[in-house]
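Those sequence lines, one after another, are chains L and R.
Residue numbering for the first sequence follows the working numbering, starting at 17 and increasing by one per position.
Residue numbering for the second sequence follows the working numbering, starting at 17 and increasing by one per position.
Cβ atoms here follow ideal geometry from the backbone N, Cα and C, with glycine treated the same way.
There are 2 protein chains.
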Amino acid sequence: MQRLIWTIIAAFAMTVVLGPIMIPWLKKLKFGQTIYDLGPESHKKKQGTPTMGGIIFAIPALIAAVAFGYGDTRFDYLLMIVVSALGFGLVGFVDDFIKVKLKRSLGLTPMQKIVPQVALAAVLSVWAYRHPSIGSALTVPFFNVEWNLGWLYIPVMMFIMVGTVNSSNLLDGLDGLLSGCSMIDFITMMLICLTMAEADPANRSNLLNVAIFAGAMVGALMSFLRFNGYPARVFMGDVGSFFIGGALMGMALVTRLSLLLPVIALAMFLSSLSDIIQVGYFKYTKRKTGTGKRVFKMAPLHHHFELSGMPETRVVTMYYVVTAALCLLALLGFVA
Amino acid sequence: MQRLIWTIIAAFAMTVVLGPIMIPWLKKLKFGQTIYDLGPESHKKKQGTPTMGGIIFAIPALIAAVAFGYGDTRFDYLLMIVVSALGFGLVGFVDDFIKVKLKRSLGLTPMQKIVPQVALAAVLSVWAYRHPSIGSALTVPFFNVEWNLGWLYIPVMMFIMVGTVNSSNLLDGLDGLLSGCSMIDFITMMLICLTMAEADPANRSNLLNVAIFAGAMVGALMSFLRFNGYPARVFMGDVGSFFIGGALMGMALVTRLSLLLPVIALAMFLSSLSDIIQVGYFKYTKRKTGTGKRVFKMAPLHHHFELSGMPETRVVTMYYVVTAALCLLALLGFVA
């Protein structure tokens, strides 16, 4: 436990140091993001805020996780999470970099984004499928049963992975929203892995490594919130949101807890769902009646709340509080 | 552990329900606070926000703590914390009520506030002093030694108690500041008491009860943050800040961890300290040179940061993050 707390503190401290070094540099390199043209009017003032801030927490989190992870025995779980976080994070980095260089609000084309994501998801899914202590089963939360998917595990997991990292990306729309919500998710993952490690001595150091990585994310994000909280001095960019999505997904993959994600990461899930409903309903009504109709004032859902008159900070607080409550419910399934 | 999580959820749920019932009622009864005349200019807009919101979380926290506390064996610790939180909270309630009824920004006179506080502190200190498992010693954090104060324990504890509850009151100056910082403190207290309970079987249920009360505070405050976060729909008032101070102090009293308060509750400590320095220096320079000088732009410290150009929300986030980092350091002293 002391090791875990030191991990959190180390990631926190490195991010504290890295932030004030990186932010002016990101700004100087004119890494000011061209704000997504379809966002609410009130977001226009955010034009000058630098982006790609994700590297401010991603680098410290990786260093702390690897430095404090248990290397004495098996560390496959840690390695898989590193590959997932770093891999998806790199796709985001390329996307951000193109946005900045070409001064376009949208970086890679959807195809250029999705192909490497699907490839990475395939590698990770097959890796997990063939891993002796992961395999083709998923835990069904609250019912304590394993659901064995057989070979279907691979396409299902690929779908979940690509869905999760892109949902994480969609949730990153308000100051401190994704950084705070995912921090609560990582606290929860950390606690769950600690209890799982106690119950599974054969896999103990592997599961503790997951807790260590989660702790590193908690420390780094906690510190990053200083810079990303309203009013944000830096945005995390796609590099940040994909890194977070990849890290969370990697943890769900190795612990077989992917079906818990819609509970602890409901905010991400609803961001995607609201986007799909919005676009689907618009296309459907357009085809039926000639004019497209909308379900939400704006998708993803957090913009709907904002345009309904809620101040940005209040939407963010609501998301934090609901996430924390759901995480408490999730924890109930893991403690005695 | 399940019992503890249920406590948090129960307090959370009750506060969720109570908030929307109480806030319009507090507003209707014209419980709009007359904003402290000496606050920053930008706070004038907060004139219409109702106060006394502390009862929205205090009642659920008390109910949850008593309902889920272990009554099968000894519950003296729980009782002492209830007396401390409820006692100091009542002083705050009277103060708030007078403010509202007489439309004065300052309620009770300083004397009328301090006398019942000192009396309550005396009762609690003597109670703890004579308690077989508390006594006259304080734990020195990080050094693992007990510091036995003998009869001096009583005046020292009285000073710490009155200081803590009033510091809690001083920290309640920005939206979500005290509610969020103290929530982090209560999470820490909860974790510390869980580890202490494991190490001390003879006193186990007593210490678990402290964790239960801390959990009830966490759940209730988490939910209250929905209403109290920037921009606040309700202020907690003195009833809230004294209740929080009393609860935290009660927990420190029974666990002998009063000397840990300047670490985990540094934000409270600095609020008082900056106030004392400001007033002291002003009086000193006034006497020496004829004109009083100030150290801070405004005291307590959080107003100084605000007037130095930091947005209110950024000051609050900074306080959260620093508090969380200090709490992690404090936890290092309690886990293996």
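Own chain residues within Cβ distance below 6 Å of residue i, not counting five before or after
i: lysine 13 of chain R; result: This structure cannot speak to residue 13 of chain R, because chain R is shown only from 17 to 352.
i: tyrosine 297 of chain L; result: Val311
i: asparagine 244 of chain R; result: Gly192, Ser195
i: alanine 144 of chain L; result: Ile150, Leu269
i: alanine 340 of chain R; result: Ile200
i: methionine 38 of chain L; result: Ile72
Under 8 Å between C-beta atoms of residue i and residue j
i: glycine 69 of chain R; j: serine 257 of chain R; result: no
i: tyrosine 86 of chain R; j: valine 226 of chain R; result: no
i: tyrosine 246 of chain R; j: glycine 196 of chain R; result: no
i: proline 76 of chain L; j: glycine 189 of chain L; result: no
i: tyrosine 169 of chain R; j: serine 149 of chain R; result: no
i: glycine 324 of chain L; j: glycine 35 of chain L; result: One detail in the question is off: residue 324 of chain L reads as serine in this sequence, not glycine. Not in contact: serine 324 of chain L and glycine 35 of chain L (Cβ atoms no closer than 8 Å).
i: threonine 155 of chain L; j: leucine 273 of chain L; result: yes
i: isoleucine 25 of chain L; j: valine 250 of chain L; result: no
i: alanine 27 of chain R; j: alanine 263 of chain R; result: no
i: glutamine 133 of chain L; j: valine 172 of chain L; result: no
i: threonine 23 of chain R; j: alanine 80 of chain R; result: yes
i: valine 331 of chain L; j: glycine 105 of chain L; result: no
i: leucine 275 of chain L; j: proline 157 of chain L; result: yes
i: methionine 96 of chain R; j: leucine 140 of chain R; result: yes
i: methionine 284 of chain R; j: serine 183 of chain R; result: yes
i: glycine 103 of chain L; j: leucine 136 of chain L; result: yes
i: leucine 11 of chain R; j: valine 110 of chain R; result: Outside the modelled stretch of chain R, which goes from 17 to 352, sits residue 11 of chain R, for which no answer is possible.
i: leucine 345 of chain L; j: valine 279 of chain L; result: yes
i: methionine 177 of chain L; j: methionine 265 of chain L; result: yes
i: phenylalanine 259 of chain R; j: alanine 138 of chain R; result: no
i: proline 56 of chain L; j: histidine 319 of chain L; result: yes
Boundaries of the alpha helix (DSSP H) in which residue i is found, first to last residue
i: asparagine 164 of chain R; result: Unbroken run through asparagine 164 of chain R is the beta strand (DSSP E), 161-164; no alpha helix (DSSP H).
i: alanine 153 of chain L; result: Element bounds for alanine 153 of chain L: not the alpha helix (DSSP H) but the beta strand (DSSP E), 153-156.
i: threonine 204 of chain L; result: 193-215
i: methionine 252 of chain L; result: Methionine 252 of chain L -> no alpha helix (DSSP H), and no H or E assigned at all.
i: serine 324 of chain R; result: Element bounds for serine 324 of chain R: n/a, residue is neither H nor E.
i: arginine 146 of chain L; result: 126-146
i: isoleucine 150 of chain R; result: Neither: isoleucine 150 of chain R is in no alpha helix (DSSP H) and is coded neither H nor E.
i: proline 278 of chain R; result: 277-280
i: serine 183 of chain R; result: 169-187
i: alanine 367 of chain L; result: The structure shown has nothing for residue 367 of chain L, since chain L only spans 17 to 352.
i: threonine 307 of chain R; result: It is not in any alpha helix (DSSP H) - threonine 307 of chain R carries neither H nor E in the DSSP assignment.
i: arginine 272 of chain R; result: Careful: arginine 272 of chain R lies outside any alpha helix (DSSP H) and carries neither H nor E.
i: phenylalanine 28 of chain R; result: 18-44
Spatial neighbours of residue i in its chain, beta-carbon cut-off 7 Å, leaving aside the 5 residues before and after
i: leucine 207 of chain L; result: Leu347
i: lysine 211 of chain L; result: It should be pointed out that residue 211 of chain L corresponds to threonine in this sequence rather than to lysine. Phe350, Val351, listed in sequence order.
i: aspartate 291 of chain L; result: Leu186, Ala315, Pro316
i: leucine 220 of chain L; result: Strictly speaking, residue 220 of chain L in this sequence is arginine, with leucine absent from that position. Excluding positions up to five away in sequence, the list reads Ala213.
i: alanine 230 of chain L; result: Phe202, Met205, Met206, Cys209, Met267
i: leucine 20 of chain L; result: Ala227, Ile228, Gly231
i: arginine 90 of chain L; result: Ser221, Asn222
i: tryptophan 163 of chain L; result: Ala153, Leu154, Val156
i: methionine 174 of chain L; result: Val134, Ala137, Ala138, Ser141
Contacting residues, own chain, Cβ-Cβ under 8 Å from residue i (five flanking each side not counted)
i: alanine 248 of chain L; result: Lys62, Thr65, Asp191, Gly192
i: valine 82 of chain R; result: Leu94, Val98
i: leucine 413 of chain R; result: As displayed, chain R neither begins before 17 nor continues past 352, which places residue 413 of chain R out of reach and without an answer.
i: glutamate 328 of chain L; result: Ser58, Leu190, Asp191, Tyr246, Glu322
i: valine 338 of chain L; result: Leu282, Ala283
i: threonine 293 of chain R; result: What sits at residue 293 of chain R in the sequence shown is isoleucine, not threonine. Excluding sequence neighbours, isoleucine 293 of chain R sits near Val311, Phe312, Ala315.
is_contact[residue i, chain A] using C-beta, thresh 8 Å
i: valine 295 of chain L; result: The structure shown has no chain A; the protein chains it does contain are L and R.
Worksheet entry | Any alpha helix (DSSP H) of 4 or more consecutive residues that is wholly inside the region 50-112 of chain L | With a minimum length of 4 residues, the continuous alpha helix (DSSP H) runs that stay inside the region 50-112 of chain L are 70-84.
By the 7 Å beta-carbon criterion, what residues does the region 222-245 of chain R contribute toward chain L? Residues of the region 222-245 of chain R that bring their beta carbon within less than 7 Å of a beta carbon in chain L comprise Met238, Ser239, Leu241, Arg242, Gly245, in sequence order.
Against chain L, which members of the region 317-339 of chain R pass a CB distance test of less than 7 Å? Pro327, Thr329, Arg330, Thr333, Met334, Val337
- Task: Using a Cβ-Cβ cut-off of less than 8 Å, list which residues of the region 181-194 of chain R approach chain L; keep chain order.
- Result: Gly192
Interface positions of the region 265-289 of chain L facing chain R (Cβ-Cβ less than 9 Å), listed along the chain:
none
Given a limit of 8 Å on CB to CB distance, which residues of the region 96-113 of chain R reach chain L?
none
* To do: May I ask you to list, following chain order, the residues of the region 20-47 of chain R that have a beta carbon less than 7 Å from some beta carbon of chain L?
  => Only those residues of the region 20-47 of chain R whose C-beta falls short of 7 Å from the nearest C-beta of chain L are listed: Ile21, Ile24, Ile25, Phe28.
So if I threshold CB-CB distances at 9 Å, which residues from the region 133-162 of chain L count as touching chain R?
none
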